[in-house]
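Read the structure below first, then the notes.
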Amino acid sequence: MTLSQHNGAERKLVQRINHVRENHGLEPMKVATRLTRASTRHSNSMGKIGYFRHELRHKGKWTPFGTWIRWFWPGPDYTSWSAGENLAWGAPGLGPRETVSLWMHSAGHRANLLHDDWNRIGVSIVHVAGPAGDFASYDDVTIVTADFGSRAK
227 MTLSQHNGAE RKLVQRINHV RENHGLEPMK VATRLTRAST RHSNSMGKIG
277 YFRHELRHKG KWTPFGTWIR WFWPGPDYTS WSAGENLAWG APGLGPRETV
327 SLWMHSAGHR ANLLHDDWNR IGVSIVHVAG PAGDFASYDD VTIVTADFGS
377 RAK
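Sequential numbering of the sequence shown, starting at 227, is according to the numbering used here.
Okay, here's the thing in C-alpha coordinates:
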(Lines of atoms letter the chains of each structure in order from A and count residues from 1; the text may use other names and numbers.)
(Lines give C-alpha, C1' and ligand atoms only; values in the text may rest on other atoms or scores of the structure.)
Protein backbone atom coordinates (compact mmCIF):
# COMPACT_ATOMS: atom_id res chain seq x y z
CA MET A 1 0.00 0.00 0.00
CA THR A 2 1.25 3.46 -0.93
CA LEU A 3 -0.31 6.65 0.43
CA SER A 4 0.26 10.08 -1.16
CA GLN A 5 -1.16 13.54 -0.43
CA HIS A 6 -2.65 15.72 -3.18
CA ASN A 7 -1.67 19.17 -1.93
CA GLY A 8 -2.40 21.01 -5.21
CA ALA A 9 -5.88 19.51 -5.40
CA GLU A 10 -6.53 20.45 -1.76
CA ARG A 11 -6.10 24.14 -2.58
CA LYS A 12 -8.47 23.74 -5.53
CA LEU A 13 -11.03 21.99 -3.31
CA VAL A 14 -11.07 24.94 -0.89
CA GLN A 15 -11.43 27.33 -3.83
CA ARG A 16 -14.33 25.29 -5.22
CA ILE A 17 -16.09 25.16 -1.85
CA ASN A 18 -15.69 28.91 -1.42
CA HIS A 19 -16.98 29.52 -4.93
CA VAL A 20 -20.15 27.58 -4.09
CA ARG A 21 -20.51 29.46 -0.79
CA GLU A 22 -20.15 32.82 -2.52
CA ASN A 23 -22.79 31.79 -5.08
CA HIS A 24 -25.13 31.25 -2.13
CA GLY A 25 -24.37 34.64 -0.55
CA LEU A 26 -22.02 33.27 2.12
CA GLU A 27 -18.57 34.41 3.15
CA PRO A 28 -15.65 32.23 2.06
CA MET A 29 -13.98 30.03 4.65
CA LYS A 30 -10.33 30.55 5.54
CA VAL A 31 -7.95 27.64 5.84
CA ALA A 32 -7.12 26.83 9.47
CA THR A 33 -3.93 24.91 10.21
CA ARG A 34 -5.58 23.01 13.07
CA LEU A 35 -8.45 21.82 10.84
CA THR A 36 -6.00 20.91 8.08
CA ARG A 37 -4.10 18.76 10.58
CA ALA A 38 -7.38 17.14 11.66
CA SER A 39 -8.47 16.36 8.10
CA THR A 40 -5.01 15.05 7.19
CA ARG A 41 -4.93 12.80 10.24
CA HIS A 42 -8.35 11.41 9.39
CA SER A 43 -7.70 10.87 5.66
CA ASN A 44 -4.38 9.17 6.39
CA SER A 45 -5.95 6.92 9.01
CA MET A 46 -8.76 5.87 6.66
CA GLY A 47 -6.26 5.26 3.87
CA LYS A 48 -3.78 3.25 5.94
CA ILE A 49 -6.32 1.06 7.71
CA GLY A 50 -8.97 0.92 4.99
CA TYR A 51 -12.19 2.30 6.47
CA PHE A 52 -14.67 5.06 5.65
CA ARG A 53 -16.46 6.65 8.60
CA HIS A 54 -16.42 9.81 10.72
CA GLU A 55 -14.98 7.98 13.70
CA LEU A 56 -11.19 7.85 13.94
CA ARG A 57 -9.39 4.57 14.58
CA HIS A 58 -7.00 5.42 17.43
CA LYS A 59 -5.04 2.99 19.61
CA GLY A 60 -7.20 0.09 18.41
CA LYS A 61 -10.51 1.77 19.25
CA TRP A 62 -13.12 3.78 17.37
CA THR A 63 -13.09 7.37 18.62
CA PRO A 64 -16.23 9.44 17.85
CA PHE A 65 -15.86 12.61 15.76
CA GLY A 66 -16.98 14.79 18.69
CA THR A 67 -14.07 13.44 20.75
CA TRP A 68 -11.19 13.29 18.28
CA ILE A 69 -11.87 16.67 16.64
CA ARG A 70 -11.21 18.28 20.06
CA TRP A 71 -7.62 17.08 19.81
CA PHE A 72 -7.22 19.63 17.00
CA TRP A 73 -10.04 22.18 17.23
CA PRO A 74 -10.66 24.84 18.51
CA GLY A 75 -7.31 25.22 20.25
CA PRO A 76 -6.60 26.80 23.64
CA ASP A 77 -8.55 29.67 25.21
CA TYR A 78 -11.73 29.50 23.11
CA THR A 79 -15.05 29.80 24.93
CA SER A 80 -17.30 28.44 22.17
CA TRP A 81 -16.78 26.46 19.01
CA SER A 82 -18.40 24.14 16.51
CA ALA A 83 -17.15 21.68 13.91
CA GLY A 84 -18.41 19.36 11.20
CA GLU A 85 -17.00 17.04 8.57
CA ASN A 86 -17.64 15.90 5.01
CA LEU A 87 -16.08 12.73 3.60
CA ALA A 88 -15.92 11.34 0.09
CA TRP A 89 -14.05 8.61 -1.74
CA GLY A 90 -13.69 7.42 -5.31
CA ALA A 91 -11.91 4.65 -7.13
CA PRO A 92 -9.49 5.40 -8.57
CA GLY A 93 -9.79 9.19 -8.37
CA LEU A 94 -11.98 11.99 -7.21
CA GLY A 95 -11.32 15.62 -8.11
CA PRO A 96 -12.41 18.83 -6.36
CA ARG A 97 -15.24 19.65 -8.78
CA GLU A 98 -16.72 16.14 -8.63
CA THR A 99 -16.37 16.03 -4.83
CA VAL A 100 -18.23 19.31 -4.32
CA SER A 101 -20.90 18.24 -6.80
CA LEU A 102 -21.47 15.00 -4.86
CA TRP A 103 -21.67 16.92 -1.59
CA MET A 104 -24.10 19.48 -3.00
CA HIS A 105 -26.44 16.63 -4.04
CA SER A 106 -26.53 15.21 -0.49
CA ALA A 107 -28.63 17.10 2.08
CA GLY A 108 -26.29 16.62 5.04
CA HIS A 109 -23.12 17.40 3.11
CA ARG A 110 -24.75 20.41 1.45
CA ALA A 111 -25.78 21.73 4.87
CA ASN A 112 -22.16 21.51 6.00
CA LEU A 113 -20.88 23.36 2.93
CA LEU A 114 -23.49 26.10 3.33
CA HIS A 115 -23.42 26.39 7.14
CA ASP A 116 -23.32 30.16 7.62
CA ASP A 117 -21.59 30.12 11.03
CA TRP A 118 -18.58 28.13 9.89
CA ASN A 119 -15.73 30.33 8.72
CA ARG A 120 -12.72 28.00 8.85
CA ILE A 121 -11.84 24.89 6.88
CA GLY A 122 -9.17 22.23 6.60
CA VAL A 123 -9.06 19.69 3.77
CA SER A 124 -7.06 16.63 2.87
CA ILE A 125 -7.03 14.51 -0.26
CA VAL A 126 -5.09 11.25 -0.13
CA HIS A 127 -4.52 8.73 -2.90
CA VAL A 128 -4.02 5.11 -1.86
CA ALA A 129 -2.46 2.56 -4.20
CA GLY A 130 -3.09 -1.04 -3.18
CA PRO A 131 -5.54 -0.16 -0.39
CA ALA A 132 -6.62 -2.45 2.44
CA GLY A 133 -9.82 -3.04 4.41
CA ASP A 134 -13.04 -1.65 2.95
CA PHE A 135 -11.16 -0.58 -0.20
CA ALA A 136 -9.23 -3.84 -0.79
CA SER A 137 -11.22 -4.75 -3.92
CA TYR A 138 -9.88 -1.63 -5.70
CA ASP A 139 -6.41 -1.02 -7.12
CA ASP A 140 -6.47 2.65 -6.14
CA VAL A 141 -8.76 4.95 -4.16
CA THR A 142 -8.86 8.66 -3.38
CA ILE A 143 -10.18 9.76 0.02
CA VAL A 144 -11.31 13.33 0.68
CA THR A 145 -11.85 14.87 4.11
CA ALA A 146 -13.10 18.40 4.80
CA ASP A 147 -13.37 19.63 8.38
CA PHE A 148 -15.31 22.83 9.03
CA GLY A 149 -15.47 25.03 12.10
CA SER A 150 -15.90 28.28 13.94
CA ARG A 151 -14.65 29.45 17.32
CA ALA A 152 -14.88 32.45 19.61
CA LYS A 153 -12.84 33.70 22.57
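Glycine included, every Cβ here is placed at the ideal spot set by N, Cα and C.
Computed from a predicted structure; not experimentally measured.
**Request:** Starting from A362, follow its DSSP beta bridges and name the residues at the other end.
**Result:** Note: A362 sits in no beta bridge, so no partner.
**H331 - DSSP class collapsed to helix/strand/coil** = coil
**Sequence-distant residues of the same chain with beta carbon closer than 7 Å to N244, five excluded per side** = P254, M255
**Item:** Start and end residues, beta strand (DSSP E) containing W288
**Value:** 287-289
**Request:** Check whether the segment 309-329 touches the segment 348-365, counting contact only when three or more Cβ pairs, one atom from each stretch, lie closer than 8 Å.
**Result:** yes
**Request:** Can you have a look at A309 and say buried or exposed, based on whether 16 or more other CB atoms are within 10 angstroms of its CB?
**Result:** buried
**Request:** My understanding is that L340 touches R283, with C-beta atoms under 8 Å, so please give their C-beta distance in whole angstroms.
**Result:** Their Cβ separation, rounded to whole angstroms, is 30 Å, which puts L340 and R283 out of contact at 8 Å.
**Prompt:** Looking at the structure shown, is L340 part of a helix, part of a strand, or coil, going by DSSP?
**Reply:** coil
**Message:** I'd like to check one pair, V352 with L229: are the Cβ atoms closer than 8 Å?
**Reply:** yes
**Message:** Measuring only the C-alpha atoms, how far is W329 from R279?
**Reply:** 15 Å
**Message:** Tell me the residue span of the alpha helix (DSSP H) that contains E311.
**Reply:** Here E311 belongs to no alpha helix (DSSP H); instead the beta strand (DSSP E) covers 306-316.
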